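Read top to bottom, the protein sequences are chains A and B. With the numbering used here, the residue at position 173 of the first sequence is 1546, and numbering never jumps. With the numbering used here, the residue at position 266 of the second sequence is 355, and numbering never jumps. Ideal Cβ placement from N, Cα and C applies to all residues, glycine included. Note that the structure is a prediction, hence the values are computed from the model and not measured.
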Amino acid sequence: MTERHVDDGALVEKALKGDRDALDDLVYRYQARTYQFAYRLCGDEDQAADLTAEAFARVYANLARFRRESRFSTWLFRIVTNAFLDQQKKDKVRQKQSLDEVLSTEEGELSLQVASDSASPHESAEQTLQAEAINAAIQRLPEHYRAMIVLFHVEMLSYEEIGEALDMPVGTVKSRLNRARLALREILEPVVELFQA
Amino acid sequence: MTSDKARELFSEHLEGTLSAGLKQAFERRLTEDPALAEEYRLFSRVYEALGSMPPVEAPADLTERVQRRLDRAVWEEKSKSRPAIGWLRSLAFGAAAVAIVITGYVGYIRSTGTNGIQAGVTGNGGTLVAMPEIQLEDGKLSVRYLPTKDGELLIFEGGASDDSLPPPDATPIGRQTTEAGQAVRIPLEVKTDRATTLWVQPSDTERVVALFLGGGERIPLSGRYEGTLTGALAKIAAAHGKMIEATIRGQKSVEVDLETGLSVEECLARALDGTGYQFAVEGDLVRVR
């Protein structure tokens, strides 16, 4: 990771001097991961692609502000999160999709409507259901919780790195992440059978 | 320990970061409260499942979308330092090499589908491409362009060979607002005999279309050339009295022997060797892509 960090820094230096190839290298290196993060935040493929593109445009515009002591990826996640929050503010329309499709409540009854491949093994189908339910539940979290959950559990960032990315103390990150997980557990309560060992 | 306090410690207990005292108190609380213990059990299952989420596959056009947005960002940054200039200004250049007159766009959207836009041009034939293209029909030059996003098309003339494209000292001679899906056709009227270069740049991409005009008087090649790719193309156009259209992204350096007596094809083959570009001769117009 250290070597990658140095490489990223060198690419940033070159990009700052107008080297477009270096900028493209950074994009190539991180665009799939950025898309994945953006998708987990917004839950929509098209919006995630737009967020990814917007994030790299912001990277370009703010390269001079990148501090070499932090990892490029951490800085990038911060930019994606901000781009996402800005978009949410603009839209004013929360992403409604997701859990409703997975969990449709009728008269208090919970039904699962997730397409599953009948050819898949039972375990695999269950994992898919679990993943879809979690994905949908994440979309119901407040935006900052969402970013934290994805950064920690999907992007595997440490509490310190998340604090750096979201500009908050580590203690706050820890307590909020715990609250985010509690909220997730509560959202997923109706489909508890998916999580029985 | 209260239930709420115990809930605050769910993550830390799972991650094994609780002090021995707190751990003991927490576990005792769970033993006393089966409902809380059940909450904790589901919490830990969700925690575990979060870490095994399958990766999301990026869409096939992600790179293109990112590059387009990035191109626009780069263009916007560069255009901040360029003066805005309208079409009328081009008529004020008494000694301007090229006069450009808009006769309006000629085109329409033929069909739109879920996979994008297809366009056709009425009365002119040919299919438009996302980058501007120079057309030479009946001895008349024009720029044709089908923008995929709203933006602008800027046209510059001249300028010294430079790493930045169009060259910073190129003269802006035209500016056209463009709309996504609306085909544009801009006739170019050349009023000079001297060699020059036109630069056509859409605002949503960093790529630029250069048209190297050979002019009337041939300028002989002088042997070894070390410089920019666009500089080499300009020399070849001037030496052979040809029009060379090149769609370029980013300047390249070339070192090439361009001797008098070489055909235009031989010169281009040498100049483009190792650059990743290829050329095609279409009558009096040579295209480099």
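Along the chain, where does the beta strand (DSSP E) containing residue i start, and where does it finish?
{"i": "Arg1440/A", "result": "From DSSP, Arg1440/A is part of no beta strand (DSSP E); its letter is neither H nor E."}
{"i": "Tyr234/B", "result": "Lys229 to Tyr234"}
{"i": "Pro291/B", "result": "Thr285 to Pro291"}
{"i": "Ala369/B", "result": "Phe368 to Glu371"}
{"i": "Ile337/B", "result": "Met332 to Ile337"}
{"i": "Arg264/B", "result": "Thr260 to Thr267"}
{"i": "Ser141/B", "result": "Run containing Ser141/B: none; DSSP gives neither H nor E here."}
{"i": "Ala299/B", "result": "Val297 to Leu302"}
{"i": "Leu347/B", "result": "Ser342 to Leu347"}
{"i": "Glu241/B", "result": "Gly240 to Glu246"}
{"i": "Glu222/B", "result": "Glu222 to Glu226"}
{"i": "Glu278/B", "result": "Val273 to Val279"}
Under the rule that 16 or more other beta-carbon atoms within 10 Å means buried, what is residue i, buried or exposed?
{"i": "Leu1567/A", "result": "buried"}
{"i": "Gln1512/A", "result": "buried"}
{"i": "Ala1553/A", "result": "buried"}
{"i": "Gln1409/A", "result": "buried"}
{"i": "Asp373/B", "result": "exposed"}
{"i": "Ala1383/A", "result": "exposed"}
{"i": "Gly363/B", "result": "exposed"}
{"i": "Ala95/B", "result": "buried"}
{"i": "Ser141/B", "result": "exposed"}
{"i": "Val187/B", "result": "Confidence in Val187/B is poor, its pLDDT being 48 and thus under 50, which makes the residue's placement unreliable; the coordinate value appears in the next sentence. Buried, by the Cβ-count rule."}
{"i": "Ser292/B", "result": "buried"}
{"i": "Pro221/B", "result": "buried"}
{"i": "Gln290/B", "result": "buried"}
{"i": "Ala149/B", "result": "exposed"}
{"i": "Asp1381/A", "result": "buried"}
{"i": "Leu155/B", "result": "According to the sequence as given, residue 155/B is Val; it is not Leu. Buried is the call here."}
{"i": "Val375/B", "result": "buried"}
{"i": "Gly320/B", "result": "buried"}
{"i": "Val370/B", "result": "exposed"}
{"i": "Pro123/B", "result": "exposed"}
{"i": "Gln224/B", "result": "buried"}
{"i": "Pro236/B", "result": "buried"}
{"i": "Arg378/B", "result": "exposed"}
{"i": "Gly214/B", "result": "Caution is warranted here: a pLDDT of 33 is assigned to Gly214/B, below 50, making its placement in the model unreliable, and the coordinate value is therefore given only provisionally. So Gly214/B counts as exposed."}
{"i": "Pro256/B", "result": "buried"}
{"i": "Glu268/B", "result": "exposed"}
Would you grab the beta carbon distance between residue i and residue j for me? Rounded to a whole angstrom, and I think it's under 8 angstroms.
{"i": "Ala284/B", "j": "Ala326/B", "result": "7 angstroms"}
{"i": "Leu277/B", "j": "Val232/B", "result": "6 angstroms"}
{"i": "Gly339/B", "j": "Arg1393/A", "result": "5 angstroms"}
{"i": "Gln1460/A", "j": "Leu1424/A", "result": "7 angstroms"}
{"i": "Val343/B", "j": "Leu318/B", "result": "5 angstroms"}
In the DSSP assignment, the alpha helix (DSSP H) including residue i goes from what residue to what residue?
{"i": "Tyr1408/A", "result": "Arg1393 to Cys1415"}
{"i": "Phe115/B", "result": "Ala109 to Glu121"}
{"i": "Ser92/B", "result": "Ser92 to Glu97"}
{"i": "Thr1545/A", "result": "Val1543 to Leu1561"}
{"i": "Val1385/A", "result": "Thr1375 to Leu1389"}
{"i": "Gln1420/A", "result": "Glu1418 to Ala1434"}
{"i": "Gly320/B", "result": "Leu318 to His329"}
{"i": "Arg378/B", "result": "Arg378/B -> no alpha helix (DSSP H), and no H or E assigned at all."}
{"i": "Leu1530/A", "result": "First-last for Leu1530/A: undefined, no H or E at that position."}
{"i": "Glu355/B", "result": "Val353 to Leu361"}
How about residue i: is its Cβ closer than 7 angstroms to a heavy atom in the ligand FMN?
{"i": "Val1453/A", "result": "Among the ligands in the structure shown, none appear at all, so the ligand FMN cannot be discussed."}
What residues from chain E crowd round residue i, counting only those whose CB sits closer than 8 angstroms?
{"i": "Glu128/B", "result": "This model lacks chain E altogether, as its protein chains are A and B."}
Got a sec: which bits of the region 1414 to 1439 of chain A sit with their beta carbon under 7 angstroms from any beta carbon on chain B, in order along the chain?
Glu1418, Ala1422, Thr1425, Ala1426, Glu1427, Phe1429, Ala1430, Tyr1433 and Ala1434
How about the region 1497 to 1506 of chain A and the region 1396 to 1411 of chain A: do they share at least three Cβ pairs that are nearer than 8 angstroms?
no
Pairs of beta-carbons, one from the region 1441 to 1452 of chain A and one from the region 1533 to 1550 of chain A, closer than 8 angstroms: are there three or more?
yes
Relative to chain A, which residues along the region 138 to 154 of chain B have a C-beta separation below 8 angstroms, given in chain order?
Ala138, Leu139, Gly140, Ser141, Met142, Pro143, Pro144, Val145, Ala147, Pro148, Asp150, Leu151, Thr152 and Arg154
Three Cβ pairs or more, each shorter than 8 angstroms: is that satisfied between the region 91 to 105 of chain B and the region 139 to 147 of chain B?
no
Check whether the region 345 to 359 of chain B and the region 235 to 254 of chain B are in contact - that is, three or more C-beta pairs closer than 8 angstroms.
no
Are at least three pairs of beta-carbons, each pair with one atom in the region 152 to 167 of chain B and one in the region 1424 to 1438 of chain A, less than 8 angstroms apart?
yes
Along the region 330 to 351 of chain B, where does the CB come closer than 7 angstroms to a CB of chain A? Name the residues.
Gly339
Output needed in chain order: residues of the region 282 to 314 of chain B with a Cβ under 9 angstroms from some Cβ in chain A.
Glu295
Taking 8 angstroms as the threshold, find out whether the region 96 to 107 of chain B comes into contact with the region 1543 to 1560 of chain A through three or more Cβ pairs.
yes
Closer than 9 angstroms, Cβ to any Cβ of chain A: which residues of the region 246 to 270 of chain B, in chain order?
Asp252 and Ser253
At a Cβ cut of 8 angstroms, what residues of the region 1535 to 1565 of chain A count as close to chain B, listed as they run along the chain?
Lys1547, Ser1548, Leu1550, Asn1551, Arg1554, Leu1555, Leu1557, Arg1558, Leu1561, Glu1562 and Val1565
Residues within the region 1499 to 1522 of chain A neighbouring chain B, beta-carbon criterion of under 9 angstroms
Gln1500, Thr1501, Gln1503, Ala1504, Ala1506, Ile1507, Asn1508, Ala1510, Ile1511 and Ile1522
Contact between the region 327 to 337 of chain B and the region 258 to 268 of chain B is defined here as three or more beta-carbon pairs at a separation below 8 angstroms; is this criterion met?
no
Can you give me, in chain order, the residues of the region 1394 to 1405 of chain A that have a beta carbon less than 9 angstroms from any beta carbon in chain B?
Asp1394, Leu1396, Asp1397, Val1400, Tyr1401, Gln1404 and Ala1405
Of all the residues that make up the region 92 to 103 of chain B, which are near chain A by a beta-carbon distance shorter than 7 angstroms?
Arg96, Glu97, Phe99 and Ser100
Mind checking the region 1439 to 1465 of chain A against chain B and listing, in chain order, the residues whose C-beta falls within less than 8 angstroms of any C-beta there?
none
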